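Peer 1:
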Amino acid sequence: MTRDFSKIKISVLLLSTALLLSFCARREYFPPPSVQTGLASWYGPKFHGKTTSNTEIYNMYDMTAAHRSLPFGTMVMVTNLTNGKSVIVRINDRGPFIRERIIDLSYAAAQMLGMVGEGVVPVKIEVIDNYSQEKQDAFYAVQVGAFISKKNALALKKKLQKKYSEVYITEFTTPVQSYYRVRIKAKSLDSAQRIATKLLQDGHPALLIKGQEFKSPASKIV
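Once you know that position 86 of the sequence shown is 201 in our numbering, the rest is easy, because the numbers rise by one and skip nothing.
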């Protein structure tokens with residue numbers, strides 16, 4: 116993977132994930148406790164550049180997903196139940212159309228969940244809502260992982276601190292679950308891109324984040 120190609124992918128992810136730093140609350144789309152469990156799959160190159168069900172152009176490097184019934188634009192937290200990794204995606208397509216599968220994730224989302232190799236994994240889905248993007252001073256960071264286990268997040272933080280100086284964890288809380296997101300703070304967009312490129316070269320997933328880190332009452336530093 117070349118540096119230029121990595122930057123292109125990272126830049127695309129940046130545009131699609133600015134909303135991840137804002138406030139969220141649960142909608143009652145699913146029966147109590149308002150979560151859905153089942154199998155998740157992912158789709159990539161074959162559909163890249165094609166039109167999605169909501170008329171967008173599918174980009175395999177965006178944090179998006181297909182669901183059979185959730186309204187377009189719905190944000191959901193998806194947790195891989197085999198490794199505890201989590202990610203927030205936006206619903207912009209319909210599917211999957213295979214029995215027992217409940218969500219079809221973009222390649223980027225699947226990469227963050229560590230499920231690209233497996234292809235199909237058991238997941239938990241929680242709907243979140245009330246996003247309000249902050250438009251104040253820019254903040255840049257690179258997210259390397261998100262976990263439901265604080266222990267796993269701390270282990271990754273310790274590993275990353277051997278190479279990076281500003282590694283931290285934010286706890287993101289919903290009415291159902293707490294999620295621990297491991298991030299590296301960056302001084303600028305260019306710095307964030309360099310960090311993300313290095314992470315990708317080292318075999319880590321890397322998701323660029325832009326926005327206000329601690330404006331949300333649902334998010335706090337650990």
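Cβ coordinates follow ideal geometry from the N, Cα and C atoms, glycine included. As the structure is a computational prediction, the values presented were derived from the model and not from experiment.
Enumerate in chain order the residues of its own chain whose CB-to-CB distance from Glu-143 is below 7 Å, with the five nearest sequence positions on each side excluded.
Peer 2: With a pLDDT of only 46 at Glu-143, under the threshold of 50, the placement of this residue in the model should not be trusted; the figure read from the coordinates follows. Here the set comprises Ser-149.
Peer 1: Does the beta-carbon distance from Ile-172 to Gly-164 come in below 8 Å?
Peer 2: yes
Peer 1: Leaving out five residues on either side along the sequence, give the residues of the same chain with a beta carbon under 7 Å from the beta carbon of Ser-201.
Peer 2: These residues qualify, in order along the chain: Met-192, Val-193, Thr-194, Ala-261, Phe-262, Ile-263 and Tyr-294.
Peer 1: Identify whether Lys-300 lies in helix, strand or coil by the three-state DSSP scheme.
Peer 2: Annotated three-state conformation of Lys-300 is strand, per DSSP.
Peer 1: Compare the C-alpha of Arg-183 against each of Ile-213, Val-231 and Gly-199 and name the closest.
Peer 2: Of the candidates Ile-213, Val-231 and Gly-199, the one whose C-alpha sits nearest the C-alpha of Arg-183 is Ile-213.
Peer 1: Can you look up Asp-317 in the DSSP assignment and give me helix, strand or coil?
Peer 2: DSSP places Asp-317 in coil when its eight states are reduced to three.
Peer 1: Which ranges does the alpha helix (DSSP H) cover as unbroken runs of at least 4 residues, wholly within the segment 257 to 301, from first to last along the chain?
Peer 2: 265 to 275
Peer 1: Just the C-alpha distance for Gln-276 and Phe-162, rounded to the nearest angstrom, thanks.
Peer 2: Each residue's alpha carbon lies about 37 Å from the other.
Peer 1: Going by DSSP in three states, Arg-214 sits in which element: helix, strand or coil?
Peer 2: Three-state result, Arg-214: coil.
Peer 1: Compare the beta carbon distance of Arg-209 and Ala-256 with 8 Å and say whether it is the shorter of the two.
Peer 2: no
Peer 1: Does DSSP classify Thr-152 as helix, strand or coil?
Peer 2: strand
Peer 1: Can you tell me whether Glu-143 is helix, strand or coil according to DSSP?
Peer 2: Caution applies to Glu-143, whose pLDDT of 46 falls short of 50 and renders its modelled position unreliable; the model cannot decide the point.
Peer 1: Do Gly-318 and Val-238 count as a contact pair if the criterion is CB distance below 8 Å?
Peer 2: no
Peer 1: In three-state terms, what does DSSP make of Leu-228?
Peer 2: helix
Peer 1: In the structure shown, what three-state DSSP assignment does Ser-201 receive?
Peer 2: strand
Peer 1: Helix, strand or coil for Ser-168? Go by DSSP, reduced to three states.
Peer 2: coil
Peer 1: Could you work out which residue in Glu-215, Val-282 and Phe-187 is closest to Val-204 when comparing CA atoms only?
Peer 2: Phe-187
Peer 1: Quick check on Lys-338: buried or exposed, where buried means 16 or more other Cβ atoms within 10 Å of its Cβ?
Peer 2: Residue 338 lies beyond the range of the chain shown here (116 to 337); nothing can be said about it.
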